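The next block holds one structure in the form of structure tokens; read it before the comments.
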Amino acid sequence: MQRVDLLKRTAEIKSTASGLGFHRVGITSADPVGEAGRRFSEWLADGFAGEMAYLQKSPEVRSDPKLRFPEAKSVICLALNYYPSAPPDPSVPEGSPRGKVARYAWGEDYHTIIEEKLALLISAIEDRGGRCWKGYVDHGPLLERAFAERAGLGFIGKNTTLITPDYGSWVFLAEVVTDLELVEDLPMTSQCGSCRRCLDACPTGALTEAYRLDARRCISYLTIENKKEIPEEFHPQMEGWLFGCDLCQEVCPYNRNPVQTDVERFSPERGAGPSLSLEEIRSIEDNRRFKERFSHTPLVRTKRSGLIRNANAIQVSQGEDD
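Heads up: the sequence shown at position 189 corresponds to 189 in the UniProt record's numbering, and the numbers run straight through without jumps.
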């Protein structure tokens, strides 16, 4: 295919993705991200994945889509801004003990929202004669931040998040692997410089050094992926986080002037919101009531038992254990 036709095809796909609401679109080849794969293997070997056993399965596939899809030529990388507004909650008396929720979980579950958009994008690509093997939304074997960086969406920061020029790190990532040949975007490289605000802000020392995160010490991991009791050594350092943690993002200079998302379903009114009453959480009597309240939100990930565990840990850390 001639260059002019490749440019046209690429522009059409990017336009379609933007029309579906994705805020950034980048293209890279389906060739391996070799260095990222090597670092990922080292990270696993160091035990930094904690109990996330699913990350141990076929790690080599995560850096090389062609091991699963030999005819793959391109990876379409997408970013969706989720930064929500934060109105006060008038339903809870001032001073009531509350637990904080990471911003990505304030509204509806992003998997559902993005998967709907991906299905439409994949359909449009297939209408143009392309074949799409997989659409990824924060799951599946793909080192999405490495591919997104190579596709020019942003750069991987010292806190290991992808930082975009327009939206900082307040973005969800998604990818489509296709056999279409497309024009690649230029990669981005780290622009953190000598800044170490994220490393200094982490209360548990989960960022052991720049670009390396020990999940076993991360508040987000401890309150979501961790299925055991939260070790007592971390209770005083939880700083009120009930589900997830935003500390290393809040201090990042690239997040200083956030752009509020235009995706209404990410608004706090549509989900858990910025904080929850610890009393409310501890009073959820059974799984049915838990699902009624949170099944459409990311909080379902930690289950009722996990959320109550987190609430108890916060109250202990605040000296309010009953």
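Even for Gly, the Cβ is constructed at its ideal location relative to N, Cα and C. Since this is a predicted model, take the numbers as computed values, not measurements.
* Cβ separation of V263 and G21, assumed to be a contact under 8 Å, to the nearest whole Å -> 7 Å
* Would you decide whether Y54 is buried or exposed? Buried here means 16 or more other CB atoms lie within 10 Å of its CB. => exposed
* Opening and closing residue of the alpha helix (DSSP H) in which R197 lies -> 197-201
* Asked: So does the segment 166-175 actually touch the segment 257-276, counting three or more Cβ pairs closer than 8 Å?
  -> yes
* **Of the residues S267, R9, V176, S63, the one placed nearest L120, counting alpha carbons only** => V176
* Asked: Smallest Cα separation from R62: which of R39, D179, C248?
  -> R39
* Distance between F266 and G107 (C-alpha atoms, nearest Å) -> 4 Å
* To do: Spell out a yes or no on whether the segment 144-156 and the segment 63-83 are touching, meaning 3 or more CB-CB pairs, one atom from each, closer than 8 Å.
  => yes
* Between the beta-carbon of T204 and the beta-carbon of Q249, is there less than 9 Å? -> no
* In chain order, each alpha helix (DSSP H) run of at least 4 residues that lies wholly inside the segment 30-60 -> 34-45
* To do: Select from H23, L142, H235, C132 the residue whose C-alpha is nearest the C-alpha of D166.
  => H23
* In three-state DSSP terms, what is Y136? -> strand
* Assuming A17 contacts V4 (C-beta within less than 8 Å), just tell me the rounded distance between them. => The Cβ separation is near 21 Å, so there is no contact.
* Alpha carbon of C245 to alpha carbon of A102, nearest angstrom -> 5 Å
* Would you identify the three-state DSSP class for P90, choosing helix, strand or coil? => Confidence at P90 is low in this model, with a pLDDT of 49, below 50, so its placement is unreliable and no value can be given for it.
* To do: Would you kindly work out how many angstroms separate the C-alpha atoms of residue 327 and A36, rounded to a whole number?
  => In the structure displayed, the chain extends from 1 to 322; residue 327 sits before or after that span and is not available.
* Could I get the ranges of all uninterrupted beta strand (DSSP E) runs contained in the segment 220-306, with 3 residues as the minimum, in chain order? => 241-243, 275-277
* Out of H235, E42, L299, R288, which has the shortest C-alpha to C-alpha gap to L276? -> L299
* Closest by CA to I114, which one among G129, A124, E126, G135? -> G135
* So who's on the other strand from N81, going by DSSP bridges? -> V171
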